[in-house]
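Enquirer: Position one of the sequence shown corresponds to residue 4 (the numbering used here), numbered consecutively onward. Ideal Cβ placement from N, Cα and C applies to all residues, glycine included.
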Amino acid sequence: MNIDILVRNNIKNMSSYSSARDDFKNEFNKKLIYLDANESPFHNLINRYPDNKHAELKKLVSKIKNVNVNEVIFGNGTDEILDLIIRVFCNPYEDKIITLPPTYGMYDVIAKTNAVENIEIPLKSDFSIDKNEILKLSSTSTKILFLSSPNNPTGNSFNTNDLIDLIKGFKGIVVVDEAYIDFSSKQSLISLIRDNNNLIITQTMSKAFGMAGIRLGMGFSNEKIISYLNKIKPPYNINVLTERRALEELNKIDEIKTNISIILNQRNLLILCLKKLDFVEKIYKSDANFLLVKVDNADKRYNQLMDKGIVVRNRSDQPLCQNCLRITIGTKNENNSLIKTLNEL
Ligand SMILES: *Cc1c(COP(=O)(O)O)cnc(C)c1O
4 MNIDILVRNN
14 IKNMSSYSSA
24 RDDFKNEFNK
34 KLIYLDANES
44 PFHNLINRYP
54 DNKHAELKKL
64 VSKIKNVNVN
74 EVIFGNGTDE
84 ILDLIIRVFC
94 NPYEDKIITL
104 PPTYGMYDVI
114 AKTNAVENIE
124 IPLKSDFSID
134 KNEILKLSST
144 STKILFLSSP
154 NNPTGNSFNT
164 NDLIDLIKGF
174 KGIVVVDEAY
184 IDFSSKQSLI
194 SLIRDNNNLI
204 ITQTMSKAFG
214 MAGIRLGMGF
224 SNEKIISYLN
234 KIKPPYNINV
244 LTERRALEEL
254 NKIDEIKTNI
264 SIILNQRNLL
274 ILCLKKLDFV
284 EKIYKSDANF
294 LLVKVDNADK
304 RYNQLMDKGI
314 VVRNRSDQPL
324 CQNCLRITIG
334 TKNENNSLIK
344 TLNEL
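(1) On the CB-based measure, 16 or more other CB atoms within 10 Å of its CB, does residue 208 come out buried or exposed?
(2) Closer than 7 Å by C-beta to residue 111: which residues in its own chain qualify, once you throw out the five before and the five after it? Chain order, please.
(3) When a residue counts only if its C-beta is closer than 5 Å to some heavy atom of ligand 1, which residues count, in chain order?
(4) What does the alpha-carbon distance come out to for the pair residue 13 and residue 87?
(5) Which class does residue 24 belong to by DSSP, given the choice of helix, strand or coil?
(6) List the residues that DSSP assigns as beta-bridge partners of residue 285.
(7) Any chance you could list the alpha helix (DSSP H) runs of at least 4 consecutive residues sitting entirely within the stretch 156-190, in chain order?
(8) What's the gap between the Cα of residue 352 and the Cα of residue 290?
(9) Spell out the partners DSSP gives residue 120 in its beta bridges.
(10) Quick one: does residue 248 have its CB under 9 Å from some CB of chain D?
(11) Taking C-beta to C-beta, are residue 269 and residue 344 nearer than 9 Å?
(12) For residue 329, count the other beta carbons within 10 Å of its own beta carbon; 16 or more makes it buried, fewer makes it exposed. Which is it?
(13) Looking only at its chain, what residues have a beta carbon closer than 6 Å to the beta carbon of residue 132, apart from the 5 residues adjacent to it on each side?
(14) Since residue 180 and residue 150 should fall inside the 8 Å C-beta cutoff, what is the C-beta to C-beta distance between them, to a whole number of angstroms?
(15) Three or more beta-carbon pairs under 8 Å between the stretch 78-86 and the stretch 234-246, yes or no?
(16) Using the beta-carbon count (16 or more within 10 Å), is residue 46 buried or exposed?
(17) Leaving out five residues on either side along the sequence, give the residues of the same chain with a beta carbon under 7 Å from the beta carbon of residue 276.
(18) So, under 8 Å CB-CB, residue 6 and residue 228 are touching, yes? Tell me the CB distance rounded to an integer number of Å.
(19) Taking C-beta to C-beta, are residue 158 and residue 282 nearer than 9 Å?
(20) Helix, strand or coil: which one does DSSP assign to residue 306?
(21) Could you give the first and the last residue of the continuous alpha helix (DSSP H) run that contains residue 106?
(22) In whole angstroms, what is the alpha-carbon distance linking residue 108 and residue 63?
(23) Output the boundary residues of the beta strand (DSSP E) element that contains residue 327.
(24) Just how far apart, CA to CA, sit residue 178 and residue 58?
(25) Report the residue ranges of all beta strand (DSSP E) runs contained in full by the stretch 48-88; include only those spanning at least 3 residues, in chain order.
(26) Can you tell me whether DSSP reads residue 317 as helix, strand or coil?
As structure tokens, this is what we get:
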């Protein structure tokens, strides 16, 4: 696929902001005196601008994810990367994106913020993708297909062959949002960025990696797409504290893996307990760190839980999710409290 013709002309023709630190090369790693960026000279660990290329973090993340450093972009949360993607490819009032509800609400919000129409092609009743309908609607103005696998709020992963057919058959960019991939029994599609130049994978530090508070999202794609995204990326979008904290946490990768396996165990236990409740009608299969649970009356159960100090998400207003609550897997103690409370209702 020719990526260049998908890119907006104004983006193609612009050059990116050149920061003070882009203007020179410190070839011999000399100790330099920085009088170039109007920073404060008084050291307090945060008086300097962050590295706009995030070199140290990129090196570590690319090693963990088994990609090249020039196949990675960081954002202030995944949400910023999703916004960059729309702004690189979609002309306002002209181009469209496709999303598959029920799904992550930010795709729609970001599209509308950018005056880009969102064509919604609902999932089938078993939460699988309506592949033929998507390919039928794929045109030169449907620039991006956003899908979340595992999907939020349904919790399922999509069939890998369906995803591959879409990546191969869709006429624009395909974004596979893998926010929950570390909880999934399915493999990440990250390795497919090499052979499919219209594919962007997004992942996040917010879920399995336990760092929602530092706002760090990751995008993976080929060098060409990454360089277009970098062109419009705010240069200092990842702040010094975020980068430092991410480096610290990623060096404790064993702890992160242990926590993931605890969550997966707790997910199984919670399913067993929920099954015994007579007002629970269905527990959907989950590949994520939450369960979508159909109950007799979601508003009522939501309020009852809230009264007891337990907050879940009521997803009843989403298509195909009538009377569904989305329950995040907590610690063992938190889940026990949830079950105890539910048993007493
Ligand atoms: C939570 C979530 C994200 C993460 O967003 P961040 O901005 O990185 O915190 C992205 N996509 C989906 C589907 C999510 O559920």
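Expert: Walking through what the data contain:
(1) buried
(2) 102, 121
(3) 80, 81, 82, 107, 151, 155, 180, 182, 207, 209, 220
(4) 14 Å
(5) helix
(6) 297
(7) 163-172
(8) Summary: the structure shown does not reach residue 352, with the chain confined to residues 4 through 348, and so no result is reported for it.
(9) 99
(10) No chain D is part of this structure, which consists of one protein chain only.
(11) no
(12) buried
(13) 161, 165
(14) 7 Å
(15) yes
(16) exposed
(17) 342
(18) 6 Å
(19) no
(20) helix
(21) Run containing residue 106: none; DSSP gives neither H nor E here.
(22) 30 Å
(23) 327-331
(24) 24 Å
(25) 75-78
(26) strand
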